[in-house]
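What follows is a single structure, written as structure tokens, with notes after it.
Number of protein chains: 2
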Amino acid sequence: MKQRSAEILCIGTEILMGDIVNTNAAYIAKELAGLGINVYHQSVVGDNPERLKQSLELAFSRADIVITTGGLGPTYDDLSKETIADYFGRKLVMDEESLHRIECHFLRLNRVMTDNNKKQAMMPERCIIFQNDNGTAPGCAIEGEGEQQGKTAIMLPGPPREMRPMFEQGVKPFLMKDSDTRLVSHTMHFFGIGESMLESILHDLMEESLNPTVAPYAKTGEVQLRVTARVKHGEDAEAILQPTMHQIEEKVGEFLYGIDVGDLQTAVVRKLKEKGLHVALAESCTGGYVAKRITDVSGASEVFECGICSYSNRIKRELLGVSQQTLDCFGAVSEETAREMAAGVRKVSGAEIGISVTGNAGPEPSEGKDVGIVYIGVDSDAFSKVFLLQVNRRDQDARETIRYLASSHALSLILKAADRY
Amino acid sequence: MKQRSAEILCIGTEILMGDIVNTNAAYIAKELAGLGINVYHQSVVGDNPERLKQSLELAFSRADIVITTGGLGPTYDDLSKETIADYFGRKLVMDEESLHRIECHFLRLNRVMTDNNKKQAMMPERCIIFQNDNGTAPGCAIEGEGEQQGKTAIMLPGPPREMRPMFEQGVKPFLMKDSDTRLVSHTMHFFGIGESMLESILHDLMEESLNPTVAPYAKTGEVQLRVTARVKHGEDAEAILQPTMHQIEEKVGEFLYGIDVGDLQTAVVRKLKEKGLHVALAESCTGGYVAKRITDVSGASEVFECGICSYSNRIKRELLGVSQQTLDCFGAVSEETAREMAAGVRKVSGAEIGISVTGNAGPEPSEGKDVGIVYIGVDSDAFSKVFLLQVNRRDQDARETIRYLASSHALSLILKAADRY
Numbered sequence: 007m008k009q010r011s012a013e014i015l016c017i018g019t020e021i022l023m024g025d026i027v028n029t030n031a032a033y034i035a036k037e038l039a040g041l042g043i044n045v046y047h048q049s050v051v052g053d054n055p056e057r058l059k060q061s062l063e064l065a066f067s068r069a070d071i072v073i074t075t076g077g078l079g080p081t082y083d084d085l086s087k088e089t090i091a092d093y094f095g096r097k098l099v100m101d102e103e104s105l106h107r108i109e110c111h112f113l114r115l116n117r118v119m120t121d122n123n124k125k126q127a128m129m130p131e132r133c134i135i136f137q138n139d140n141g142t143a144p145g146c147a148i149e150g151e152g153e154q155q156g157k158t159a160i161m162l163p164g165p166p167r168e169m170r171p172m173f174e175q176g177v178k179p180f181l182m183k184d185s186d187t188r189l190v191s192h193t194m195h196f197f198g199i200g201e202s203m204l205e206s207i208l209h210d211l212m213e214e215s216l217n218p219t220v221a222p223y224a225k226t227g228e229v230q231l232r233v234t235a236r237v238k239h240g241e242d243a244e245a246i247l248q249p250t251m252h253q254i255e256e257k258v259g260e261f262l263y264g265i266d267v268g269d270l271q272t273a274v275v276r277k278l279k280e281k282g283l284h285v286a287l288a289e290s291c292t293g294g295y296v297a298k299r300i301t302d303v304s305g306a307s308e309v310f311e312c313g314i315c316s317y318s319n320r321i322k323r324e325l326l327g328v329s330q331q332t333l334d335c336f337g338a339v340s341e342e343t344a345r346e347m348a349a350g351v352r353k354v355s356g357a358e359i360g361i362s363v364t365g366n367a368g369p370e371p372s373e374g375k376d377v378g379i380v381y382i383g384v385d386s387d388a389f390s391k392v393f394l395l396q397v398n399r400r401d402q403d404a405r406e407t408i409r410y411l412a413s414s415h416a417l418s419l420i421l422k423a424a425d426r427y
Numbered sequence: 007m008k009q010r011s012a013e014i015l016c017i018g019t020e021i022l023m024g025d026i027v028n029t030n031a032a033y034i035a036k037e038l039a040g041l042g043i044n045v046y047h048q049s050v051v052g053d054n055p056e057r058l059k060q061s062l063e064l065a066f067s068r069a070d071i072v073i074t075t076g077g078l079g080p081t082y083d084d085l086s087k088e089t090i091a092d093y094f095g096r097k098l099v100m101d102e103e104s105l106h107r108i109e110c111h112f113l114r115l116n117r118v119m120t121d122n123n124k125k126q127a128m129m130p131e132r133c134i135i136f137q138n139d140n141g142t143a144p145g146c147a148i149e150g151e152g153e154q155q156g157k158t159a160i161m162l163p164g165p166p167r168e169m170r171p172m173f174e175q176g177v178k179p180f181l182m183k184d185s186d187t188r189l190v191s192h193t194m195h196f197f198g199i200g201e202s203m204l205e206s207i208l209h210d211l212m213e214e215s216l217n218p219t220v221a222p223y224a225k226t227g228e229v230q231l232r233v234t235a236r237v238k239h240g241e242d243a244e245a246i247l248q249p250t251m252h253q254i255e256e257k258v259g260e261f262l263y264g265i266d267v268g269d270l271q272t273a274v275v276r277k278l279k280e281k282g283l284h285v286a287l288a289e290s291c292t293g294g295y296v297a298k299r300i301t302d303v304s305g306a307s308e309v310f311e312c313g314i315c316s317y318s319n320r321i322k323r324e325l326l327g328v329s330q331q332t333l334d335c336f337g338a339v340s341e342e343t344a345r346e347m348a349a350g351v352r353k354v355s356g357a358e359i360g361i362s363v364t365g366n367a368g369p370e371p372s373e374g375k376d377v378g379i380v381y382i383g384v385d386s387d388a389f390s391k392v393f394l395l396q397v398n399r400r401d402q403d404a405r406e407t408i409r410y411l412a413s414s415h416a417l418s419l420i421l422k423a424a425d426r427y
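Quick mapping for you: the protein sequence lines, in order, are chains A and B. Residue numbers for the first sequence follow the working numbering, beginning at 7 and rising by one. Residue numbers for the second sequence follow the working numbering, beginning at 7 and rising by one.
Now the structure itself:
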């Protein structure tokens, strides 16, 4: 099958005016890259039929597939479907299944359905419908006929929580339907190694590996490798994926914290659950950030009972049992204080693993400790230690970056401690 | 002066591939709206000179001003400046001030400067340079001559922490330089009232008011009104702004939590500092989210000493002094438990204001309490109360939304309590 190209066209005056950030384009672009479909242009237009029409014509002059988001709402200015159907010379017709689903949606929410919402069930003739499990607007795909043979428009709703599941469940299989191959991926999650270091260690393997492909993605303090196999029907994807993944693990396994695990906090909650362990947190400069990330994960209550944000020395003493002498001699931002905080919160809570964070997130030096100095302590049966993190950032995002990286290091220490149980 | 239009053209393969989300487009679009400059199109292209050239020509066929971000880096594939200078028939020449600043930047970081970095100081002839205080790449503006009279290209670096200050300090004054008017805005921050309710109460005022204009912006659980006056040199902006702001305050003042205050957590830290007050937090379902938001604000240590994340009943009892009887009879998610948690954490910490959050953030009902039920308690000398928040969301973002809204309500309660001191 020839290499296809796609353009992403996001429709919505709120995006154009900057009232919301366009996360849809990034999501779709990344998914298309995974499917081996090239993207050379992304654009945004407002809810204006004339400009939408021009943008659509331009996009189809450059690409085979145009994926739109937005403009499928119930109000009069939502005209994506009309404009795109018109481009393909199709009429809109009532789709009974979509109408039924929209009616059910309103019944469930105990809200009144208006005639405007019925408009959302009007779909282009001869289109493929993607039902919306998280809202009212169905999505659809129109495949061009005659002169428009080979052109495909895919329309998706604007809200990410509706668009993403629809893309995953409807659009991906649709895009792969004519393909005799399918893509199977695993994501390997690394912490504690930079992207450039990882790439230099794995350079040859990444260059030489065509099936599976190995692609790195960096986010603050972390790197992910997506290992993707392209397999024909009946072929075993794992037989292609596993040898490469083992090679990677041999080289950089010490930094690998999980496979297909989402993020550090999810890995933490999962591992503690598996092992029947609990963690307790004593946070100073992160002030609840580690606790917040752990409790982002549903089911965190099984592994996390107690976190103490001890911003003041008095709370460090009274609740965590840090000694006055330690605070006097070494200061609140010190290895010694971090050690006593971790041991203290473990004792208060009865958890198997105690974690502490104390440092200076800025913007001013305090107690003679530079901005970006953070001590992260762990206290557990087989593994008790204090790590020093130094973040060399002075820009306007420095405080957030320092706090985020410190919380990530704390999470990775929980995983290390849990591994010893 | 005639109404000008602009297009935003973001350059970078990382954006095109979806490896990073394009927050620059939203930021610039919003700023341009504030300057009264219309935006009808945003686009993204990769680091490809040919496609960049085509996109630039297209953009100038539709708009007077084209603002680009990205492609100003030191590597060989960063070709924005070359391509855009070429479009205007300008050569690149070494700018000594930019070179000097780049050299200083590397000296400060104690890193070696490469010849590639020198390329970043090569600027188009006869351009206006915007110096970069947060990185190496200067930005610039080229004003077209001859046939290109009236066309302006503005090139900005890609990293938001470099681009935003440059926009604020360099680009805004540049865009307003030929204008005999300037814009002055205040932002009024509301909590506890929905956007549609606010709009319906203020509808006539918003429709009738042309100078100042009144524009609403909604974000989860909050609404902001931006009140903007357009004034000539020497005119007093406040004389135009204040009467309208007073009218708004008369109608919806009870929901107003601050003016030009940024966000709820910044308003909280500022107000507690002003009044010399302290807050302590007992968080169950928000698990550190309130503490995290307060400590996002630098200087939080002056007003926040102690937060306790009490996920388990044992911690609620032992650290916060919630009675076993209360937990047995009413459950952990109850008005009574919230009341005792708020009083308990206030007592432990010695703070003037104690705040508690206990609820069910999902995904499963617990103790017979539905997902989205949250009790938020406040304990202080003149104001002690428990509020019930019910969030009716079941989608995949429900947990985050419930926790975020609960933390916002907690922050607004701190403001209410501080007002009574």
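Even glycine gets a Cβ: it sits at the ideal position worked out from N, Cα and C.
Check: Confirm, please, whether the CB-CB distance from Ser304(A) to Ala338(A) is below 9 Å.; Outcome: no
Check: Is Leu333(A) buried or exposed, if buried means 16 or more other CB atoms sit within 10 Å of its CB?; Outcome: buried
Check: Can you tell me where the alpha helix (DSSP H) holding Gln392(A) begins and where it ends?; Outcome: It is Val, not Gln, that sits at residue 392(A) in the sequence shown. Element bounds for Val392(A): not the alpha helix (DSSP H) but the beta strand (DSSP E), 391-396.
Check: Taking the C-alpha atoms as reference points, what is the distance between Arg167(A) and Asp403(B)?; Outcome: 7 Å
Check: Touching or not, the stretch 99-117 of chain B and the stretch 130-142 of chain B, by the rule of three or more beta carbon pairs under 8 Å?; Outcome: yes
Check: Check the Cβ-Cβ distances between Gly327(A) and every residue of chain B, and say whether any is below 9 Å.; Outcome: no
Check: Please identify the residue among Ala423(B), Leu411(B), Ala416(B) whose C-alpha is closest to the C-alpha of Gly200(B).; Outcome: Leu411(B)
Check: Grab me the residues of Gly18(A)'s own chain with a C-beta within less than 6 Å of its C-beta, minus the 5 sequence neighbours each way, in chain order.; Outcome: Gly76, Gly164
Check: Rounded to the nearest angstrom, what separates Arg320(A) and Ile314(B) at their Cα positions?; Outcome: 14 Å
Check: Please classify Phe180(B): does DSSP put it in a helix, a strand, or coil?; Outcome: helix
Check: Given this structure, state the Cα-to-Cα distance separating Leu394(A) from Ser104(B), to the nearest angstrom.; Outcome: 36 Å
Check: Quick one: residues in its chain with C-beta nearer than 7 Å to the C-beta of Glu373(B), no 5 flanking neighbours on either side, listed in chain order?; Outcome: Gly337, Ala338, Val339
Check: Under the assumption that Leu417(B) contacts Val258(B) (Cβ atoms under 8 Å), give the Cβ distance between them as a whole number of angstroms.; Outcome: With 8 Å as the limit, Leu417(B) and Val258(B) do not qualify as a contact, their Cβ atoms being about 19 Å apart.
Check: Lys125(B) and Pro80(B): beta carbons closer than 9 Å?; Outcome: yes
Check: Would you list, in chain order, the members of the stretch 388-420 of chain B that have their beta-carbon closer than 8 Å to a beta-carbon of chain A?; Outcome: Asn398, Asp401, Gln402, Asp403, Arg405, Glu406, Arg409
Check: Among the residues of its own chain, which have a CB less than 7 Å from the CB of Thr187(A), if the five just before and after it don't count?; Outcome: Arg236, Val237, Lys238
Check: Assuming contact is defined by CB atoms lying nearer than 9 Å, are Ala12(B) and Val45(B) in contact in what I supplied?; Outcome: yes
Check: Quickly, what does DSSP pair Gly198(A) with across the bridge? List them, please.; Outcome: Partner(s): none; Gly198(A) has no beta bridge.
Check: Spatial neighbours of Gln330(A) within its chain, please: C-beta separation below 7 Å, excluding the five flanking residues on both sides.; Outcome: Arg323
Check: Strictly below 8 Å CB to CB, what residues from chain A border Pro249(B)?; Outcome: None at all; the shortest Cβ gap to chain A is about 27 Å.
Check: To the nearest angstrom, how far is the alpha carbon of Cys279(A) from that of Val377(A)?; Outcome: The sequence shown places Lys at residue 279(A), not Cys. Answer to the nearest angstrom: the Cα atoms are 35 Å apart.
Check: Looking at the C-beta of Met7(B), does it have a partner C-beta in chain A at a distance below 9 Å?; Outcome: Only weak support is given to the placement of Met7(B): the predicted model assigns it a pLDDT of 49, under 50, and the question is left unresolved by the model.
Check: Assign Met7(A) to buried or exposed, taking buried as 16 or more other Cβ atoms, counted over all protein chains shown, within 10 Å of its Cβ.; Outcome: In this prediction, Met7(A) scores a pLDDT of 49, lower than 50, which makes its location untrustworthy; no coordinate-derived value is stated.
Check: Sorted by chain position, which residues of the same chain lie with C-beta nearer than 7 Å to Glu342(B)'s C-beta, five sequence neighbours on each side aside?; Outcome: Thr332, Phe336
Check: Under 9 Å, Cβ to Cβ, is there at least one residue of chain A near Lys279(B)?; Outcome: no
Check: Return the residue from the list Ile300(B), Asn366(B), Lys353(B) that minimises the CA-CA distance to Tyr317(B).; Outcome: Asn366(B)
Check: Within 9 Å of any Cβ in chain B, is that where the Cβ of Thr142(A) sits?; Outcome: no
Check: Alpha carbon to alpha carbon, how far is Tyr381(B) from Thr407(B)?; Outcome: 15 Å
Check: Any C-beta of chain B sitting closer than 9 Å to the C-beta of Phe310(A)?; Outcome: yes
Check: Within the 9 Å Cβ cut-off, does Ser86(B) reach chain A?; Outcome: no
Check: At least one CB of chain B closer than 9 Å to the CB of Pro179(A): is that the case?; Outcome: no
Check: Under a Cβ-count criterion, where at least 16 other Cβ atoms within 10 Å of its own Cβ denotes burial, should Ser413(B) be classed as buried or exposed?; Outcome: buried
Check: Which full runs of the alpha helix (DSSP H) of 4+ residues lie inside the stretch 191-245 of chain B, going along the chain?; Outcome: 201-214
Check: Counting only Cβ pairs nearer than 8 Å, list the residues of chain A close to Met23(B).; Outcome: Ala35, Lys36, Ala39, Val45
Check: Would you mind listing the alpha helix (DSSP H) stretches within the stretch 34-68 of chain B that are 4+ residues and don't spill past its ends, in chain order?; Outcome: 55-68
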